[in-house]
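Engineer: Protein chains in written order, with my numbering: chain C, 51 to 581; chain U, 9 to 144.
1) Report yes if the C-beta distance between residue 417 (chain C) and residue 91 (chain C) is below 8 Å; otherwise report no.
2) If the cut-off is 7 Å on Cβ atoms, which residues from the region 127-145 of chain C count as contacting chain U, listed in chain order?
3) Report the residue from C:202, C:141, C:245 and C:242 whose alpha carbon sits nearest the alpha carbon of residue 227 (chain C).
4) Against chain C, which members of the region 91-105 of chain U pass a CB distance test of less than 8 Å?
5) Taking only beta-carbon atoms, is residue 136 (chain U) less than 8 Å away from chain C?
6) Within a Cβ cutoff of 7 Å, which residues of the same chain sit near residue 143 (chain U), ignoring the five residues on either side of it in sequence?
7) Grab me the residues of residue 67 (chain C)'s own chain with a C-beta within less than 7 Å of its C-beta, minus the 5 sequence neighbours each way, in chain order.
8) Any Cβ of chain U within less than 8 Å of the Cβ of residue 480 (chain C)?
9) Does residue 154 (chain C) pass the burial test, meaning 16 or more other C-beta atoms within 10 Å, or should it be called exposed?
10) Determine the DSSP secondary structure at residue 116 (chain U), reduced to helix, strand or coil.
11) Closer than 8 Å, CB to CB, is residue 230 (chain C) near chain U or not?
12) Quick check: what's the CA-CA separation for residue 640 (chain C) versus residue 138 (chain C)?
13) Determine the contact status of residue 553 (chain C) and residue 580 (chain C), defining contact as a CB-CB distance below 8 Å.
14) Which residues in the same chain have their Cβ closer than 8 Å to the Cβ of residue 466 (chain C), if we skip the five residues on either side of it in sequence?
15) Could you tell me whether the Cβ of residue 250 (chain C) comes closer than 8 Å to any Cβ of chain U?
16) So which residues on chain C does residue 27 (chain U) lean against when the C-beta distance must stay under 7 Å?
17) In angstroms with no decimal places, state the Cα-to-Cα distance between residue 338 (chain C) and residue 170 (chain C).
18) In the region 241-274 of chain C, which residues sit with their C-beta less than 8 Å from some C-beta in chain U, listed in chain order?
19) Where does the unbroken alpha helix (DSSP H) through residue 422 (chain C) begin, and where does it stop?
20) Would you kindly report the start and end of the unbroken alpha helix (DSSP H) that includes residue 521 (chain C)?
21) Can you tell which of C:79, C:213, C:181 and C:378 has its C-alpha closest to the C-alpha of residue 324 (chain C)?
22) Around the C-beta of residue 55 (chain C), are 16 or more other C-beta atoms found within 10 angstroms, so that it is buried, or is it exposed?
23) Using DSSP with H/G/I as helix, E/B as strand and the rest coil, what is residue 280 (chain C)?
24) Decide if the region 74-90 of chain U is in contact with the region 39-54 of chain U; the criterion is three or more beta carbon pairs, one per stretch, under 8 Å apart.
25) Starting from residue 93 (chain U), trace the beta strand (DSSP E) in both directions and tell me its first and last residue.
26) Does DSSP put residue 395 (chain C) in a helix, in a strand, or in coil?
27) Does residue 85 (chain U) get closer than 8 Å to chain C when you measure Cβ to Cβ?
28) Thinking just about the alpha-carbon of each residue, which of U:94, U:53 and U:101 is nearest to the one in residue 85 (chain U)?
29) Please work out which residues of its chain come closer than 6 Å, Cβ to Cβ, to residue 567 (chain C), disregarding the five sequence neighbours upstream and downstream, and give them in chain order.
30) Could you spell out the range, first to last residue, of the alpha helix (DSSP H) harbouring residue 322 (chain C)?
31) Please classify residue 16 (chain U) as buried or exposed, where buried requires at least 16 neighbouring CB atoms within 10 angstroms.
32) How far does the beta strand (DSSP E) with residue 38 (chain U) in it extend, from its first residue to its last?
33) DSSP state of residue 451 (chain C), grouped into three classes?
34) Tell me which residues share the same chain as residue 310 (chain C) and place their Cβ nearer than 6 Å to its Cβ, disregarding the 5 neighbours each side in the sequence.
35) Return the chain-ordered ranges of every alpha helix (DSSP H) run that is complete within the region 223-261 of chain C and spans a minimum of 4 residues.
36) Would you check if the distance between the CB atom of residue 302 (chain C) and the CB atom of residue 373 (chain C) is smaller than 8 Å?
Next comes the structure, spelled out in structure tokens:
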């Protein structure tokens, strides 16, 4: 008999039956959808009332180009945006900074000042569209710019729905857009959550990400465990500021991955939902049911896709969309089949959107809640996954808790170890990947060359730098400098930095200047280099 | 054989760099890893201080051409051209030739099997034809 094993480590039995779910108590562990502990989903009728949102990750070049792509996707039925920023923006460097060379407008759009944000959302009503901002180290100033644009458009604050990612802990583990040391970075996370909870009640000021840690190599159970530990760290941070848990917890959201193994992914989300609900109610004493709900964006894991025979990724994307729908996602995003090669082409973007639409409209995946619930296999797998997640949470505690594990680099080392383990399994054939280590054909090279590759127009950089120079020239420089001095002073204190940041934003201070003002006080993170 | 695995530029994706570093270490190669966000000049300084034979640049942001060019320029400035430069990451086929023209010894684009990368530095395993390692 062939061996089968979950990515989380435990073996998969060839057959499951009633004996395998003997320890599962229906009322306690599963319950009804829309009710604690939400194992079956956070809404009573799920997609029958509201289909999952389809939110592709888009952004490249100048704000003007990105604005055009936003409008293209909206015209084809995408109902929400997910903004990609270039690396200089994510790291608080202006487009004319020497360290930004070669990176401006490359993996996302470049934002230097409020003027760029105004342009990116020109003609897009921010009181009607919900927008995710994939921004972390610079979440506070970028979200401040977004709020300033919404304000200038005349959008009522209670109608503004935005989700800045604002999850810095996972950046230290994976993805790497950290700037300041751990403590001041956490302060900025909390400042944005607190400010948004008070002023923009429908914003989701933190999106806790297991996604990127999984993409960096950890297992399914670790992804959920680390995400839950990070969420708990942010809850503790806000409680320490004197906020009541129900004042902010209803707006916490999650960004997790769906990968190749459909049933294991579904079990991960079912187990994660009930663990989160229990943690929020029992450990943190939340009373508002919305504080117990694990609201999730499920993004297809780009690392599940391959460079070999890239068209196969279209098929993988369809299975991933199915896994995400069966998992009870609120929002789904898919990688595009050409992602291993290039910034996605419009055709590849549209194919990803169509994949989700076919899953929703034709495949029947949205007809009934938690269709796999009650399956011997999936219930047993959910229970096994829950045990494994709890074991991984204990491992984090042994590293000194999530914040210490990140500061010391112990968590990063564990993730790298898992990534290497997976790679060896690929090399040995223990993990199968079609056209990579099994069913390898000879046509790959031809397919590679047929790919439509995005070329970054060098004029994009020139245009962005020229625009930045114009904004610097047109603004009241002395007024901008005064706001930056006030921001620096505020950073030395302990108060919330969002108001001083907003002041700098409105004075057209550049992102680089705002970032540097805080760097003057906070210093820079020193990475614990481990592998 | 001593290799500096380096992350130049702003890209924060270090899964590949760390996997390759671990694999080379297990194959008996001495490996130093720079950590994230080093400038090309810092990478070259570290390579000289550590007295490595090879610099392996890992770049997934798309900025591989300007970053590799600056590393090679810095090596020439420092008179350290005996240090070989290889590049791995999200390198589209059309850029493989350009990197080699700049003076990059080998390119490992996405999808290169791990044993092939390790074999290139240990002389063991595949590929028998070294040009295979830069197959687009």
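No residue lacks a Cβ here, since even glycine has one placed at the ideal position from N, Cα and C.
Just so you know, these numbers come straight off a predicted model, no measurement behind them.
Structural biologist: The structure says:
1) no
2) 137, 138 and 141
3) C:141
4) 98, 100, 101 and 102
5) Because residue 136 (chain U) carries a pLDDT of 40, less than 50, the predicted location of this residue cannot be relied on, and the following value inherits that uncertainty. Closer than 8 Å: no.
6) For residue 143 (chain U), the pLDDT reaches just 41, beneath the cut-off of 50, and the residue's location in the model is therefore unreliable, leaving the point undetermined.
7) 426
8) no
9) buried
10) strand
11) no
12) Because chain C spans 51 through 581 in this model, residue 640 (chain C) falls outside it and cannot be assessed.
13) no
14) 266, 267, 580 and 581
15) no
16) 469, 470 and 473
17) 36 Å
18) 265, 266 and 267
19) No alpha helix (DSSP H) holds residue 422 (chain C); DSSP gives it neither H nor E.
20) 508-524
21) C:79
22) exposed
23) helix
24) yes
25) 92-97
26) coil
27) no
28) U:53
29) 534, 537 and 538
30) 312-328
31) buried
32) 38-41
33) coil
34) 354
35) 232-249
36) no
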